[in-house]
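J.: Numbering (my numbering), first residue to last: 615 to 724. I am attaching a structure below and will ask some questions about it afterwards.
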């Protein structure tokens with residue numbers, strides 16, 4: 615298994631994402647995609663965005679730099695089923711982006 619250090623191509627992308635979010639890029643953190651209809655809507659929109667347009671992809675996915683808290687549940691990338699901890703990477707096919715464990719998006723899943 616590769617470690618984070620073995621994915622050097624992720625570091626500049628992760629840094630760019632973080633810079634966009636720190637600069638105040640507006641994202642659609644709400645409404646959360648808890649039901650199938652909302653999930654499909656968000657995923658369909660993401661599928662239409664070119665892979666290189668990461669600003670638009672993280673905006674639609676509703677990324678935040680901190681966990682999202684709802685009804686006593688903290689939603690962070692590190693607890694999402696799509697998070698690859700050894701790489702700090704979101705493996706949701708429509709995203710496929712390096713992330714940080716404490717970030718969150720509205721497509722979070724247990």
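From the three backbone atoms N, C-alpha and C, an ideal C-beta is built for every residue, glycine too.
With a threshold of 8 Å, are at least 3 pairs of Cβ atoms found where one atom belongs to the segment 685-694 and the other to the segment 661-674?
T.: The answer is no - the segment 661-674 does not touch the segment 685-694, with fewer than three Cβ pairs under 8 Å.
J.: Hey, quick one: how far does the alpha helix (DSSP H) through residue 689 stretch, first residue to last?
T.: Segment 687-689 is the beta strand (DSSP E) holding residue 689; no alpha helix (DSSP H) there.
J.: What is the C-beta distance between residue 701 and residue 621, in whole angstroms, given that I count them as a contact (C-beta under 8 Å)?
T.: About 5 Å; that satisfies the 8 Å criterion.
J.: Have a look at residue 681 and residue 673 and give me their C-alpha separation to the nearest angstrom.
T.: If I take the Cα positions, the gap works out to 16 Å.
J.: Within a Cβ cutoff of 6 Å, which residues of the same chain sit near residue 646, ignoring the five residues on either side of it in sequence?
T.: Taken in chain order, the residues that qualify are 720.
J.: Could you tell me the boundaries of the beta strand (DSSP E) in which residue 683 lies?
T.: From DSSP, the beta strand (DSSP E) with residue 683 extends over 682-684.
J.: For my contact list, residue 690 and residue 712 are in at a C-beta cut-off of 8 Å; report their separation, rounded to the angstrom.
T.: In fact, because the Cβ distance is near 15 Å, the residues do not count as touching under 8 Å.
J.: When DSSP builds the beta bridges, which residues end up paired with residue 718?
T.: In the DSSP output, where bridge partners are listed per residue, residue 718 has 678.
J.: Run through the DSSP bridge pairs and tell me what residue 698 is partnered with.
T.: 703.
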